[in-house]
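From first to last, the protein sequence lines stand for chains A and B.
Start counting the first sequence at 1; every next residue gets the next number (UniProt numbering).
Start counting the second sequence at 1; every next residue gets the next number (UniProt numbering).
Beta carbons: idealized from backbone N, C-alpha and C, even for Gly.
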Amino acid sequence: MSTAVTQTWYMTERQLMVFLRQPAYLLITLIQPVVWLFLFGSLFKEVVELGGFGTTSYLDYLVPGVVVMSALSSNMWAGMTTLDEIQRGTLNRFLTTPVSRAALMNGNVVSNGLVTALQSLVIVLLGLLGGADYPGGPGGVLVLVVASVLLGTVFAALSNALGMLVQERESIIGINTFLLLPLTFLSTAFMAEDRMPSWMRHIADFNPLNWAMVAGRSALSEQPDWGEVAGRGGALLALAVVAVWLSIRTFRSYQRSV
Amino acid sequence: MSTRAPAVVARQLTKTYPGDVTALCGMDVTVEPGTVFGLLGPNGAGKSTTVKILTTLARPDSGTAVVAGHDVLRHPDRVRRAIGVVAQSSGADPVATGRENLQLQGRIYGLKGAELNGRIDELLARFTLTDSARRPVKTYSGGMRRRLDVALGLVHRPQVLFLDEPTTGLDPEARTAMWDEIARLAGDEGLTIVLTTHYLEEADRLAERIAIVDRGRVVVEGTPDELKGELRGDAVHMELREPIGEAGRTLLRGALAGLPGVHEVLFDTVGSRGISVRADDGAAAMPTLLGALERVGVAVAAATVARPSLDDVYLRYAGRRYAEAEAEAEGAGERVLAGAGGA
C-alpha cells in the first residue's frame with residue numbers, strides 16, 4: 001500500500017515538474033482567471049442591482065464562478081498530456097516496470113488537483129485584493145477549493161479517458177471548445193439563479209459546474225446551508241469517483257490494444 | 001535460480017490485433033542466459049509484438065512465455081522486476097534532465113539514496129552523458145536520447161535487456177557508436193540481451209544467435225555463421241534483362257542446376273529478374289553460368305559474386321529477398337499501433 005502511495009507521488013511529481021517548467025503554461029493557468037475576473041467583473045458590475053445575488057458586490061458573487069470555470073478549463077486538457085505520453089512511448093515504458101498501475105493513472109489526476117487547488121486559491125486571494133468579501137471565512141474557502149478540485153477531477157478523468165480512446169488531439173480540442181462556454185453559461189457563474197430563464201435554471205440543476213458553484217457560494221456566505229453544501233458536494237464526489245473508475249476502465253482497454 | 005535455465009522461453013505465441021491483423025502465428029523463441037539473441041525480420045514480421053508479449057505489455061491470444069524464470073501471464077510483476085526494456089520510443093520526459101529521468105526510473109524499482117545516485121553516475125559515465133546530465137532531455141541529440149533510453153533500461157541491473165530496434169533512426173555515426181555500446185553490454189556479467197532489428201548487418205554484428213522472423217513466426221534460427229555456413233560456397237547474383245515467369249524458371253533451373261560446382265539455384269519473387277546461384281567458387285563458376293544462360297537464349301544484364309550474407313539466408317528461408325519483404329511491408333501500409341512502432 002505504502003509503495004502505491006509513494007509511487008503515486010513520484011508520478012505526481014513528474015507531472016507537476018512538466019507544469020512548472022513550462023512557464024508559459026503556468027502563467028496562462030494563473031493569469032487567465034484574472035482576465036475573467038476583470039472582464040466579467042467590469043462588464044456585469046451593475047447586474048447585481050437587479051437583486052437575487054445575495055450580495056451587493058458583484059465581485060463577491062463572481063469569484064466562486066470564476067474559480068469553478070477555471071477549474072473546468074484547466075482540467076479538461078488533461079487528456080492531451082496522456083495522449084503525449086502514449087505517443088512518446090512514456091506510458092509503455094512505465095507499463096513494463098513494476099510501477100503500480102493505479103499510480104500511473106492517478107499521478108495525472110493528483111497533479112491536476114494540486115494545480116487546481118493552487119489556481120483556486122490564487123483567484124480567491126485576487127478577489128480579496130479587489131475588495132471581495134467572504135463572510136464564510138477560511139472554512140468557506142476550503143469548501144470552494146475542494147468543490148473545484150472535485151469538479152476538476154471529473155473533467156480531468158473524462159479527458160484522460162477520451163485521450164486514450166480516440167488518440168487524436170483534434171477530438172479533444174473539438175469537444176473541449178464545444179463544452180467550455182455552454183457549460184459555463186448554463187450555470188450560475190455570472191448570473192443569479194433567480195434572474196435566469198426557467199429552462200436554463202432546470203438545465204443548470206444537472207450541471208456539475210453549477211453544483212460546485214452552489215456549494216462554494218453557500219459555504220462562503222454568512223449563513224451557509226450545510227445541507228445544500230453536503231448534497232452538491234456529495235454529488236460531485238460521486239461523479240468524480242465514477243469518472244475516475246471510467247478512466248481506469250479505459251486504461252485497461254488501452255492496455256489490451258497495445 | 002539456476003543460471004543455466006534459458007532466460008527466455010516462448011512457445012507457440014499467437015496474437016491477432018483487432019481488424020484481423022495477424023501479428024504472430026506460432027512464435028517460438030529460446031534464449032540462453034548471458035547471450036545476445038537477435039530477432040531479425042522486416043517491419044511487420046512480428047518482432048515488436050513478440051517483445052511486447054515478453055515484456056508484459058501485451059497478452060498473447062495463446063501460447064506461453066517464461067522470462068527470467070517467471071511466467072509472463074501469471075507473474076507479470078516478477079518479470080517486470082527482472083527485465084529492462086528499451087522500446088523503439090522510450091519517451092524520456094523531455095522537460096526533465098537526463099539525471100532526473102534516471103532518478104525516477106530507479107525509484108520505481110525501489111532504489112534510493114546513495115545507491116541510486118552511485119548507479120546513476122556510473123550509467124551517465126558509461127553512456128558519455130555526464131556532461132549533459134543536468135540539461136533537459138529535449139536539448140539532446142538523437143544519439144544521446146538513445147543512449148539515455150538504454151541507460152534507463154539498465155538502472156535496476158536487469159537480468160534480461162530487451163532492445164527493440166536500438167539503432168533505427170540514428171545517423172551512421174551514432175549507429176556505430178551504439179553498436180560498440182551494445183557489444184560492450186554483451187560482455188557484462190550474466191546479462192542476456194534480446195535484440196530486434198531489421199538491419200541484417202546489425203544482427204550479424206551483434207547477435208550470437210539469430211532467429212529470422214517472417215510473417216509472425218521464426219523461419220530459421222542459428223548462429224550467424226551456422227546460418228551462412230548452410231549456404232555452401234559463394235553466392236552468384238545475376239540480373240537478367242527480362243523478367244522470368246514460371247516457365248522461365250523451369251528452363252533456367254534445368255540449364256543451371258546440373259553444372260559442376262553449382263549447389264543451388266534460387267529465384268527472387270515471381271516476375272522479377274534476379275537469380276542467385278550457390279557455387280563452390282563463384283568466380284570460377286561465372287563463365288560457365290553465363291555460357292549456360294547464353295545457350296538457352298537468356299540475356300544477363302549484370303552479375304556479381306559475393307560471400308554468403310544473411311540476405312542470402314533470408315532469401316532461402318523466407319522465400320524472398322529482404323528488400324522485397326521490406327517493400328511489401330511498406331506497400332501494405334504499415335499499421336500504426338497505439339504506442340510505439342510497427343507490429
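Under 7 Å Cβ-Cβ, which residues of chain A neighbour residue i?
{"i": "residue 368 of chain B", "result": "With chain B covering 1 to 343 only, the question about residue 368 of chain B has no answer from this structure."}
{"i": "B:V36", "result": "Residues of chain A passing the Cβ test: none, with the nearest at roughly 20 Å."}
{"i": "B:L56", "result": "For clarity, residue 56 of chain B is Thr in the given sequence; the question names Leu instead. The answer, in chain order, is T96."}
{"i": "residue 385 of chain B", "result": "In the structure as shown, chain B starts at 1 and stops at 343, and residue 385 of chain B therefore has no counterpart that could be examined."}
{"i": "B:V31", "result": "Within chain A, no residue comes near B:V31; the closest Cβ sits about 17 Å away, beyond 7 Å."}
If you drop the 5 nearest sequence neighbours on each side, which residues of the same chain put their C-beta closer than 8 Å to that of residue i?
{"i": "B:R321", "result": "D268, T269, G274, D311, Y314, L315"}
{"i": "B:A338", "result": "Residue placement at B:A338 is poorly supported in this model, since its pLDDT is 33, which falls under 50; the coordinates still yield a value, given next. The answer is none, since no qualifying residue turns up."}
{"i": "A:S257", "result": "none"}
{"i": "B:G253", "result": "In the sequence under discussion, the amino acid at residue 253 of chain B is Arg, which differs from the Gly named in the question. Taken in chain order, the residues that qualify are V265."}
{"i": "A:P208", "result": "L151, V154, A235, L236, L239"}
{"i": "A:L20", "result": "L26"}
{"i": "B:L289", "result": "V236, M238, L256, L259, V262, V277, A279, A303"}
{"i": "A:V229", "result": "V143, A215, S218, A219"}
DSSP on residue i, reduced to helix/strand/coil?
{"i": "B:H263", "result": "strand"}
{"i": "B:A92", "result": "coil"}
{"i": "B:A235", "result": "strand"}
{"i": "B:Q12", "result": "strand"}
{"i": "B:L24", "result": "strand"}
{"i": "A:L186", "result": "coil"}
{"i": "B:Y322", "result": "helix"}
{"i": "A:V258", "result": "coil"}
{"i": "A:G163", "result": "helix"}
{"i": "B:I275", "result": "strand"}
{"i": "A:D205", "result": "helix"}
{"i": "B:A133", "result": "coil"}
{"i": "A:T82", "result": "helix"}
{"i": "B:V29", "result": "strand"}
{"i": "A:T97", "result": "coil"}
{"i": "B:T97", "result": "strand"}
{"i": "B:K112", "result": "coil"}
{"i": "B:I244", "result": "coil"}
{"i": "A:M213", "result": "helix"}
{"i": "B:E144", "result": "As written in the sequence, residue 144 of chain B is Met, which differs from the Glu given in the question. Looking at B:M144 - three-state DSSP - the assignment turns out to be helix."}
Output needed for residue i: all residues of its chain with C-beta closer than 7 Å, excluding positions within five of it in sequence on either side, in chain order.
{"i": "B:V336", "result": "Only weak support exists for where B:V336 lies, its pLDDT of 35 falling under 50; the value from the coordinates is given anyway. Result list for B:V336: empty, nothing under 7 Å."}
{"i": "B:R11", "result": "D28, G63, T64"}
{"i": "B:V85", "result": "T55, G153, F162"}
{"i": "A:Y254", "result": "M164"}
What residues are listed by DSSP as bridge partners for residue i?
{"i": "B:A302", "result": "B:E239"}
{"i": "B:L161", "result": "B:G84, B:I193"}
{"i": "B:E221", "result": "B:A211"}
{"i": "B:R17", "result": "According to the sequence shown, residue 17 of chain B is Tyr rather than Arg. B:Y17 is bridged to B:V21."}
{"i": "B:D71", "result": "B:V66"}
{"i": "B:F37", "result": "B:V194, B:R209"}
Can you pull the chain A neighbours of residue i, defined as C-beta to C-beta under 8 Å?
{"i": "B:D164", "result": "Residues of chain A passing the Cβ test: none, with the nearest at roughly 10 Å."}
{"i": "B:R80", "result": "T96, T97, P98"}
Between residue i and the rest of its own chain, which residues show a CB-CB distance below 6 Å, the 5 nearest in sequence each way excluded?
{"i": "B:V72", "result": "T56, A65, V79"}
{"i": "A:M76", "result": "F155, S159, N176"}
{"i": "A:S247", "result": "A157, N160, A161"}
{"i": "A:E85", "result": "L91"}
{"i": "A:A132", "result": "L59, D60, V63"}
{"i": "B:A325", "result": "P42"}
Which residues in chain B have a C-beta closer than 8 Å to the C-beta of residue i? List them in chain order.
{"i": "A:E85", "result": "G91"}
Are there any heavy atoms of the ligand MG lying less than 8 Å away from the beta-carbon of residue i, as far as the coordinates show?
{"i": "B:D28", "result": "With respect to small molecules bound, the structure shown includes none, and the ligand MG cannot be examined in it."}
Residues of chain A with a CB under 9 Å from the CB of residue i: which are they?
{"i": "B:A96", "result": "R14, M17, V18, R21"}
Using a cut-off of 7 Å between C-beta atoms, extract the partners of residue i located in chain B.
{"i": "A:R88", "result": "S89, G91"}
Note down, in chain order, every chain D residue with its Cβ under 9 Å from the Cβ of residue i.
{"i": "A:Q7", "result": "No chain D appears in the structure shown, which is made up of the protein chains A and B."}
(Q) To be precise: take each residue of the stretch 107 to 130 of chain B, compare its Cβ to all Cβ atoms of chain A, and keep it if any distance is under 9 Å. Which residues remain? (A) Correct list: R107, I108, Y109, G110.
(Q) Any C-beta of chain B within less than 8 Å: which residues of the stretch 202 to 229 of chain A qualify? (A) Nothing from the stretch 202 to 229 of chain A brings a Cβ to less than 8 Å from some Cβ of chain B.
Q. Listed in chain order, which residues of the stretch 294 to 321 of chain B have Cβ atoms closer than 8 Å to some Cβ of chain A?
A. Those would be none; no residue qualifies.
Q | Interface positions of the stretch 206 to 219 of chain B facing chain A (Cβ-Cβ less than 7 Å), listed along the chain | A | So nothing in the stretch comes that close.
Q | Residues from the stretch 257 to 288 of chain B in contact with chain A, defined by Cβ distance under 7 Å | A | Within the stretch 257 to 288 of chain B, contact with chain A at the beta-carbon level (separation under 7 Å) is assigned to no residue.
Q: For the stretch 66 to 77 of chain B, enumerate the residues whose C-beta is nearer than 7 Å to any C-beta of chain A, in chain order.
A: From the stretch 66 to 77 of chain B, only D77 have a Cβ closer than 7 Å to chain A.
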